[in-house]
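Notes for the one structure printed next.
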Amino acid sequence: MFCYQCEQTAKGTGCTVQGVCGKTHEVASLQDLLMYSLMGLSQVALEARKKGITERDVNVFTVKAAFSTLTNVDFDPDRFTGLINESCHLREALKKKTGITSWPDGPAVFKPASGLEDLIKQGEEVGIKSYPADNPDVLSLKHTVLYGIKGVSAYADHAQILGKEDDSVYAYVHEGLAAIQSTDMGVDEWVAMALRCGEAAFRAMELLDAGNTETYGHPVPTNVPLGHKKGKAILLSGHDLKDLEEILKQTEGKGINIYTHGEMLATHGYPVLKEKYPHFYGQFGTAWQKQQKEFADFPGAILMTTNCIQRPQKVYKENLFTSGMVGWPDIPHISDLNFKPVIDRALELPGFEDDYVEKEVTVGFARNSVLGVADLNRLLYH
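Right, dumping it as structure tokens:
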């Protein structure tokens, strides 16, 4: 195992036994193998694009699968097994549409093993230290592009969930992933590829912003209570606004209050969510990395969306659920936006026995809120 894709990496050099995030050697190997399979899928997709063939299911799958390998997203080996096999299935189906029958050795012809242990062994051979590059600068740039594409994929996946897509983002992801196994690009070409990754990231962020604001309104300054109120409760962590909206819809009239944790705090600023659902109450706890301590004190069901999951503690494990690309072994996963299991668990649990508010914080200082008073600020300071 070798992983250094996050700022928490061991000793600032790389995790080699187990990830600081909790990722095991087995999961790390499966993630490496999934990315390798996506490189093969991307090589075929790139050739298909040259023939005017683009497949939306290939595009959406590529970014979704790449996103699953980001830090604190998916730790479930079984889920990665499925993604690896689906990647190869899509690749072979797309090959037939291209009419090309001969493909170079490497990820475009890779065949996944049938068993988990053999898949793990395959993954051990294709990690980031195996990428071909005689020049260390080229290898460094390959890693930069790889991690950049994972970030682009996270934004692109969330944007397409809200109906926002741009084929140029998918095209770049395929081009960048396809190139990683190449040996014919120099430093200047890889610098250009890395700069284009930044352009793709900017476009993906534009798409996600449009999806969020067109669906839920532009954030406005909103006071959010830090604490709880008497009654049944569900806690959401991560970033997924669609999951939050569905939980709010499905809990209407059920006497369940909805709380956010960690970075989900900012969602209270979206007017459609805050004004439409009075049971969207407040923020429980603080930062996502404190979940192992804070979740133990939450007397309701907990849903992890997007990422941010850490090894569940026994005291709250039976109350925990995942959705989207988030996964942990033996934790129930909601794959269809039907959150009945989460709601049923919340109704079984005691909820809060009293009202308590430590203080309020204000969120919603997004660009419209800030730029809307720009002229006033200019007058005040000139």
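Per this note's numbering: the sequence shown = residues 373 to 754.
Quick reminder that beta carbons are idealized off the backbone N, C-alpha and C, glycines included.
Nothing here was measured: the structure is a model prediction, and the numbers come from that model.
Item, Value
"Please report how far the alpha carbon of Val735 lies from the alpha carbon of Leu637, in whole angstroms.", "8 Å"
"In whole angstroms, what separates the C-alpha of Gly654 from that of Gly627?", "15 Å"
"For Gly386, which residues from the same chain have a beta carbon less than 6 Å from its beta carbon, with the 5 sequence-adjacent residues on both sides left out?", "Phe374 and Tyr376"
"Between which two residues does the alpha helix (DSSP H) carrying Phe360 extend?", "Outside the displayed span of the chain (373 to 754) sits residue 360, for which this structure offers no information."
"State the Cα-Cα distance for the pair Cys460 and Val592, rounded to the nearest angstrom.", "45 Å"
"Using the Cα positions of Ala485 and Gln494, report the straight-line distance between them to the nearest angstrom.", "8 Å"
"What would DSSP say about Asn367, mapped onto helix, strand or coil?", "The question about residue 367 has no answer here: the residues shown for the chain are numbered 373 through 754."
"Is it the case that the region 449-466 contacts the region 716-733, given that we only count it when at least three CB pairs across the two stretches are under 8 Å?", "no"
"Spell out the partners DSSP gives Lys604 in its beta bridges.", "Ile628"
"Using 8 Å as the Cβ pair cut-off and three pairs as the minimum, do the region 473-490 and the region 431-440 touch?", "no"
"Decide if Pro704 is buried, meaning its Cβ has at least 16 other Cβ atoms within 10 Å, or exposed.", "exposed"
"Expressed to the nearest angstrom, what Euclidean distance is found between the alpha-carbon atoms of Pro508 and Trp562?", "12 Å"
"How do the region 547-561 and the region 579-586 stand: do at least 3 beta-carbon pairs fall below 8 Å, yes or no?", "no"
"Using the beta-carbon count (16 or more within 10 Å), is His650 buried or exposed?", "Note that residue 650 is Pro in the sequence shown, not His. Counting Cβ neighbours within 10 Å, Pro650 comes out exposed, since fewer than 16 surround it."
"Tell me whether Asp538 sits in a helix, a strand or coil according to DSSP, three-state version.", "coil"
"Hey, which unbroken runs of the alpha helix (DSSP H) at 4 residues or more fall wholly within the region 564-607?", "none"
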